[in-house]
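Count the sequence shown with this note's numbering and you get residues 100 to 529, in order.
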Amino acid sequence: MRTLVLVIYFVLFQVVILLQKPFLQTDFMFAFYASFAVLFLHHMYLHFFSDVEISTNVSFFSYGFDFFVMILFMRSFPQLSSFLLVIQLFLLFIASFDLKFTQLCGLGLLASVGVSLMNLTVFQVGSTQNILSLALFNLSYLAVIIVSGQLKDEIYGMQDDLTTVRRKFKSQAEFSKVLVEKMPLGLIVSQNNDTVLMKNKFFSENLNLNDSEVNRLAEITREQKSSSDISFLKSTQERRIFQFDRTDYFDEDLSEKLNISLIRDVTDLRKLEADLKQKEKLAAIGQLAAGIAHEIRNPLAGISGSIQLLTTDNVESEDQKKLMKIILKEIDRLNNLITEFLDYAKPEQKPDQFVQLTMLLEETIQNVKLNPKYADLIEWSVQLTDQRILGFSEKLKQAFLNMIINAVQATEGRSPRQVKVSLNQINGAV
């Protein structure tokens with residue numbers, strides 16, 4: 100900075116020399132170039148050739164030498180006092196950042212005394228203009244010292260605060276980076292145009308996914324409306340199940356919404372859950388086997404007895420018909436038990452088609468009303484005209500049928516005997 104001020108000093112007076120004819124004098128040009136050469140050589144030696152460490156004391160004497168040269172030049176050409184004073188004030192301001200406050204005050208005092216002695220020897224003593232000039236010069240030095248000292252404290256305080264804040268931000272950034280890279284989840288930050296802005300190493304190190312697969316995964320998660328499991332086919336034709344949790348974030352720097360997705364591989368977990376459910380079913384089947392065998396044995400006993408009676412010669416035709424009905428009824432019962440047993444033993448399948456719940460329930464009620472005993476007992480009301488759910492239509496119809504028949508049978512002996520079936524929505528549930 101001090102060298103820059105000296106360059107400005109040289110350029111300023113070089114312009115004065117070229118534009119002002121009174122300064123095109125040999126003595127002025129000699130004094131100007133000589134003073135600048137001394138200052139230039141002084142700085143060259145101090146910064147490039149001297150082995151002395153530049154401490155505050157060395158800087159104090161260096162600044163003092165600069166002021167001494169300028170005061171001598173000012174004494175030779177007092178008409179340039181105002182220009183040289185500005186250069187000295189700039190140097191004094193710059194010195195406030197290199198020197199201690201006591202050294203700065205000492206430098207200002209030496210400059211003030213030097214300029215005052217120069218003015219007293221050059222100008223007429225007691226002149227009003229001279230006194231005003233001295234007062235102005237001294238006040239200028241004092242003002243620069245006070246202002247630069249306060250400014251130095253504020254700047255250094257701001258530098259300390261900025262250093263502390265920068266250190267905290269750097270520490271937080273490093274911590275966040277380590278946390279993102281080491282977290283046991285995959286992190287994808289993408290734009291709405293499916294451009295992936297950031298992803299952690301979990302995809303390459305743990306999931307073995309390349310960049311194109313990560314981009315495809317980001318596109319799939321962005322199209323999903325809610326967090327759920329997704330089936331993903333890798334380039335190696337290996338199918339994996341990923342659980343993702345997505346949220347949106349508005350970035351003020353980019354002025355657009357970003358998609359943040361957390362990915363977890365739950366293939367083994369879902370397989371383990373399915374195996375566990377299947378084992379629980381098999382265990383339950385083993386416990387139910389004895390009861391089911393007993394339930395099957397009872398209809399078979401009835402069938403056996405009915406057939407034995409049919410083989411006798413003393414049975415009338417009406418009795419034979421009655422026994423045949425018993426046989427058919429017991430056979431149906433046996434068939435239903437076996438069907439339920441097989442359905443329970445099958446691996447659970449998730450529904451993949453939508454069914455009209457209102458239409459399904461209406462069909463079930465119509466089937467029940469076909470029985471004359473139940474036709475006038477059921478009251479049907481609906482508030483949801485178009486309600487679709489994922490499910491198996493036949494299983495739902497059987498469940499509705501069982502519930503309605505059980506409800507009708509439970510009303511026996513009551514007055515009035517009536518069953519009300521309604522379909523509505525409460526708190527988001529059907």
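A virtual CB, placed ideally from N, CA and C, is assigned to each residue, including glycine.
These numbers were taken from a predicted model, which means no experiment stands behind them.
Three-state secondary structure (DSSP) at residue i?
| i | result |
| --- | --- |
| tyrosine 348 | strand |
| methionine 297 | strand |
| valine 214 | helix |
| phenylalanine 176 | coil |
| lysine 530 | Any question about residue 530 goes unanswered here, given that the chain covers just 100 to 529. |
| lysine 333 | coil |
| lysine 356 | strand |
| valine 520 | strand |
| phenylalanine 343 | strand |
| valine 52 | Nothing can be reported for residue 52: it is not among the residues displayed for the chain, which extend from 100 to 529. |
| aspartate 328 | strand |
| valine 454 | strand |
| arginine 363 | strand |
| leucine 387 | helix |
| arginine 487 | strand |
| arginine 432 | helix |
| arginine 513 | coil |
Within 10 Å of its beta-carbon, does residue i have 16 or more other beta-carbons around it, so buried, or fewer, so exposed?
| i | result |
| --- | --- |
| methionine 297 | exposed |
| valine 467 | buried |
| asparagine 299 | buried |
| leucine 368 | exposed |
| aspartate 165 | buried |
| tyrosine 144 | exposed |
| leucine 422 | buried |
| alanine 136 | exposed |
| leucine 316 | buried |
| threonine 320 | buried |
| alanine 194 | buried |
| alanine 373 | exposed |
| leucine 469 | exposed |
| threonine 201 | exposed |
| isoleucine 245 | exposed |
| phenylalanine 274 | exposed |
| glycine 207 | buried |
| phenylalanine 349 | exposed |
| isoleucine 186 | buried |
Restricting to Cα atoms, I'd like to know which of the options is closest to residue i.
| i | options | result |
| --- | --- | --- |
| leucine 184 | Cys204, Gln290, Ser154, Ser232 | Ser232 |
| leucine 353 | Thr335, Glu394, Gln290, Val313 | Gln290 |
| leucine 433 | Phe172, Thr346, Ile402, Arg174 | Ile402 |
| glutamate 511 | Ile488, Ala498, Lys472 | Lys472 |
| glutamine 524 | Ile359, Glu318, Thr457 | Thr457 |
| proline 177 | Leu191, Leu138, Gln187, Met217 | Met217 |
| leucine 238 | Asp259, Met143, Val214, Phe139 | Val214 |
| leucine 460 | Gln497, Leu476, Lys428, Glu439 | Gln497 |
| phenylalanine 160 | Gly205, Thr262, Ile254, Leu387 | Gly205 |
| threonine 346 | Gln336, Ala210, Ile340, Asn358 | Asn358 |
| phenylalanine 341 | Leu381, Leu286, Leu387 | Leu286 |
| lysine 251 | Leu316, Ala383, Leu203, Phe274 | Leu203 |
| phenylalanine 139 | Asn156, Gln377, Ile329, Val168 | Val168 |
| lysine 519 | Ala194, Asp475, Ser270 | Asp475 |
| serine 521 | Ala509, Glu417, Phe499, Val212 | Phe499 |
| asparagine 309 | Asp328, Ile488, Thr335 | Thr335 |
| aspartate 344 | Glu351, Lys376, Val365 | Val365 |
| serine 180 | Phe200, Gly163, Ala210, Phe192 | Ala210 |
| isoleucine 488 | Gln452, Glu312, Gln258 | Gln452 |
| glutamate 537 | Pro515, Gln271, Val288 | Examination of residue 537 is not possible in this model, given that the chain is present from 100 through 529 alone. |
| leucine 495 | Glu253, Arg513, Ile464, Ala509 | Ile464 |
Between which residues of its own chain and residue i is the CB-CB distance below 7 angstroms, once the five residues before and five after are set aside?
| i | result |
| --- | --- |
| leucine 284 | Phe301, Leu361, Ile362, Arg363 |
| leucine 332 | Arg338 |
| phenylalanine 196 | Lys251 |
| serine 158 | Asp197, Leu198 |
| tyrosine 240 | Leu191, Gly207, Ala210, Ser211 |
| glutamate 312 | Lys333, Ser334 |
Are the C-beta of residue i and some C-beta of chain C separated by less than 8 angstroms?
| i | result |
| --- | --- |
| lysine 298 | The structure shown contains no chain C; it holds only a single protein chain. |
Near residue i, which residues of its chain fall below 6 angstroms by C-beta distance, leaving aside the five closest residues on each side in sequence?
| i | result |
| --- | --- |
| valine 454 | Gly490, Ser492 |
| glutamate 280 | Asn299, Lys300 |
| isoleucine 503 | Val467 |
| serine 247 | Phe192, Ser195 |
| alanine 506 | Val518 |
| tyrosine 162 | Ala194, Leu206 |
Excluding the 5 residues preceding and the 5 following residue i in the sequence, name in chain order all residues of the same chain whose CB lies nearer than 8 angstroms to its CB.
| i | result |
| --- | --- |
| serine 134 | Val168, Met169, Leu171, Phe172 |
For this session: With a floor of 4 residues, list each alpha helix (DSSP H) that falls wholly inside the stretch 249-311, ordered by position along the chain.
Result: 301-304
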